[in-house]
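Engineer:
Protein chains: 2
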Amino acid sequence: MGNNYIITIGREYGSGGCEIGKKLAEKLGIGFYDKNLIDAAAEKSGIHIDMLHKADEKPANPLTNPFLHPGYEAGTINDRLFWTQSEVIRELAEKESCVIIGRCADFVLREHENVLKIFIQAPLADRIARISEKYLIEIPSEAKKEVLRNDKLRRSYYQFYTDSKWGGRDHKDLVINSSVLGIDGTVDFIKDFVDRKFNT
Amino acid sequence: MGNNYIITIGREYGSGGCEIGKKLAEKLGIGFYDKNLIDAAAEKSGIHIDMLHKADEKPANPLTNPFLHPGYEAGTINDRLFWTQSEVIRELAEKESCVIIGRCADFVLREHENVLKIFIQAPLADRIARISEKYLIEIPSEAKKEVLRNDKLRRSYYQFYTDSKWGGRDHKDLVINSSVLGIDGTVDFIKDFVDRKFNT
């Protein structure tokens with residue numbers, strides 16, 4: 240219980256952050272949670288369905304009531320998802336050691352002791368090349384658009400919920416350019432950081 | 240010549256960045272340059288005195304001529320120092336492997352191939368404690384003022400000359416919180432990064 244440790248990984252789109260996190264968790268022999276797994280956990284949990292109901296029962300607010308202000312409908316659903324995901328993240332942190340990708344986990348666990356907060360980045364050209372290859376996008380300008388669009392979504396999401404700059408160095412323990420050592424080299428290097436910190 | 244590598248280290252005040260850089264250079268057996276050494280090098284070099292003269296001989300500019308615009312006098316001297324320092328940094332990078340602290344070296348060497356760009360940071364409370372101990376400042380609020388004032392100077396200097404955010408993750412290869420592993424632990428960890436990258 241008290242010896243659990245959590246690695247949170249934020250990442251630029253196309254930096255290989257998710258793959259790095261997955262391989263890191265495998266090497267450390269700990270759990271790995273990305274967006275879908277946390278969403279699934281939220282769906283499964285009775286507490287979180289309750290939380291959704293509670294959110295539903297809040298007094299109508301002109302800023303969040305979809306009937307009064309239709310544009311905010313998505314925002315309201317996002318809020319509820321963010322709250323349930325945050326609750327799931329806090330429960331995970333109590334239960335087990337794991338790697339958590341995205342979902343503002345570094346912010347959610349900001350009061351938690353055994354957390355290493357990592358951010359993976361890479362030069363734009365490398366990220367475009369990576370995304371082009373991964374999704375078979377043949378036109379570089381299209382791949383670039385996709386990279387910038389996804390960065391924008393992540394930035395907007397993170398900044399909305401944390402009031403902090405996405406990908407900023409604030410409160411991060413390690414920010415690393417994955418192009419320097421490559422995916423596997425970066426995994427090994429971060430594993431060293433974890434080993435040194437937690438004597439794993 | 241072609242196998243030289245340079246480690247640039249930016250750092251928050253009180254993060255131990257300079258000490259880390261010095262110990263890293265010792266362990267790697269390469270040169271170490273901080274502000275004073277680079278200034279001294281600039282003074283010694285004939286080329287740089289020439290450069291100062293050239294700067295002096297530039298056509299009067301209402302934005303930089305101290306007689307037309309007194310407030311810019313300091314700025315003009317700073318500009319000349321920045322140019323000479325930048326020249327010295329580029330010469331160093333051609334001549335030898337070394338660690339360079341501050342002086343916007345990451346920006347100056349942005350086109351240089353064998354450069355690792357590192358930034359050292361630490362939580363504010365840790366930096367205040369460090370500065371209090373180092374300079375025997377007994378009142379914590381005074382130490383805090385000193386830390387924030389020096390950060391402000393570095394931010395202002397960096398942003399003025401590079402048009403980039405100081406301490407931002409942009410273009411950095413590694414940003415690390417020195418409180419996680421401590422000074423010596425951080426030195427060893429960064430040395431690993433250098434070894435892996437340059438097979439030193």
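As you go down the protein sequences, you meet chains W and B in turn. All residue numbers for the first sequence refer to my numbering, where the first residue is 240 and numbers rise by one. All residue numbers for the second sequence refer to my numbering, where the first residue is 240 and numbers rise by one. Where is the CB? At the ideal position from N, CA and C, for every residue including glycine.
(1) So, are the CB atoms of tyrosine 244 (chain W) and leucine 355 (chain W) less than 9 Å apart?
(2) May I ask you to report which of helix, strand or coil DSSP gives arginine 342 (chain W)?
(3) Closer than 7 Å, Cβ to any Cβ of chain W: which residues of the segment 413-438 of chain B, in chain order?
(4) Check whether the Cβ of lysine 262 (chain W) lies closer than 9 Å to any Cβ atom in chain B.
(5) In three-state DSSP terms, what is tyrosine 374 (chain B)?
(6) Against chain W, with Cβ distances strictly below 9 Å, would lysine 334 (chain B) count as a contact?
(7) Classify tyrosine 374 (chain W): buried if its beta carbon has 16 or more other beta carbons within 10 angstroms, exposed otherwise.
(8) How far does the beta strand (DSSP E) with leucine 355 (chain B) in it extend, from its first residue to its last?
(9) Does lysine 430 (chain W) get closer than 9 Å to chain A when you measure Cβ to Cβ?
(10) Do lysine 411 (chain B) and phenylalanine 358 (chain B) have their CB atoms nearer than 9 Å?
(11) Leucine 413 (chain B) to tryptophan 322 (chain B), Cα distance in whole Å?
(12) Could you please give the first and the last residue of the uninterrupted alpha helix (DSSP H) stretch that includes leucine 387 (chain W)?
(13) Could you tell me the distance, in whole angstroms, from the CA atom of isoleucine 378 (chain B) to the CA atom of glutamate 372 (chain B)?
(14) Would you check if the distance between the CB atom of isoleucine 340 (chain B) and the CB atom of glycine 421 (chain B) is smaller than 9 Å?
(15) Determine, using beta-carbon pairs with one atom in the segment 361-368 of chain B and one in the segment 342-352 of chain B, whether at least three such pairs fall under 8 Å.
(16) Report back the beta-carbon spacing between serine 254 (chain W) and serine 417 (chain W) to the nearest angstrom; my notes put them in contact at under 8 Å.
(17) Roughly how many whole angstroms lie between the Cα atoms of arginine 342 (chain B) and glutamine 324 (chain B)?
(18) Pick helix, strand or coil for glycine 260 (chain W), following the three-state DSSP scheme.
(19) Of all Cβ atoms in chain W, is any one closer than 9 Å to the Cβ of tyrosine 396 (chain B)?
(20) Can you list, in chain order, the residues of its chain whose CB lies under 7 Å from that of lysine 436 (chain W), leaving out five sequence neighbours each side?
(21) To which residues of the same chain is alanine 332 (chain B) closer than 8 Å at the C-beta, ignoring the five residues directly before and after it?
(22) Take isoleucine 286 (chain B) and list the residues in its own chain whose beta-carbon comes closer than 8 Å to its own, dropping the five residues that flank it on each side.
(23) Less than 9 Å between the C-beta atoms of arginine 393 (chain B) and glycine 249 (chain B), yes or no?
(24) For glycine 270 (chain W), write down the residues that DSSP places opposite it in a beta bridge.
(25) Whose C-beta lies closer than 7 Å to the C-beta of leucine 267 (chain W) among residues of the same chain, with five residues either side of it excluded?
(26) By Cβ distance below 7 Å, which residues in the same chain neighbour alanine 382 (chain W) in space, the five residues on each side in sequence not counted?
(27) Exposed or buried, what is serine 395 (chain W) when buried is set at 16 or more other beta-carbons lying within 10 Å of its beta-carbon?
(28) How many angstroms separate the CA atom of tyrosine 397 (chain B) from the CA atom of threonine 247 (chain B)?
(29) Can you say whether lysine 334 (chain B) is buried or exposed, counting buried as having 16 or more other CB atoms within 10 angstroms of its CB?
(30) What does DSSP give as the partner residue(s) for isoleucine 248 (chain W) in the beta ladder?
(31) For serine 254 (chain B), decide whether its Cβ has a neighbour in chain W, counting only Cβ atoms nearer than 9 Å.
(32) Taking C-beta pairs closer than 8 Å, name the residues in chain W that lysine 274 (chain B) reaches, listed in chain order.
(33) Counting only beta-carbon atoms, is leucine 355 (chain B) nearer than 9 Å to chain W?
(34) Could you tell me the alpha carbon to alpha carbon distance between isoleucine 328 (chain W) and alanine 344 (chain W), rounded to whole angstroms?
(35) Three-state secondary structure (DSSP) at leucine 413 (chain W)?
Structural biologist: Judging by the given coordinates:
(1) yes
(2) coil
(3) Leu413, Val414, Ile415, Asn416, Val419, Leu420, Gly424, Phe428, Asp431, Phe432, Arg435, Lys436
(4) no
(5) coil
(6) no
(7) exposed
(8) 354-360
(9) Any reference to chain A falls outside this structure, whose protein chains are W and B.
(10) yes
(11) 26 Å
(12) 379-401
(13) 11 Å
(14) no
(15) no
(16) 5 Å
(17) 8 Å
(18) helix
(19) no
(20) Leu355
(21) Asn243, Ile245, Leu348, His351, Val354
(22) The predicted position of isoleucine 286 (chain B) is uncertain, since its pLDDT is 48 and thus under 50; a value taken from the coordinates is nonetheless stated next. Result list for isoleucine 286 (chain B): Glu326, in chain order.
(23) yes
(24) W:Cys337
(25) Lys430, Val433, Thr439
(26) Ile367, Ile370, Ser371, Ile376
(27) exposed
(28) 14 Å
(29) exposed
(30) W:Ile340, W:Ile357
(31) no
(32) Neighbours of lysine 274 (chain B) on chain W: none; closest Cβ ~22 Å, over 8 Å.
(33) yes
(34) 7 Å
(35) strand
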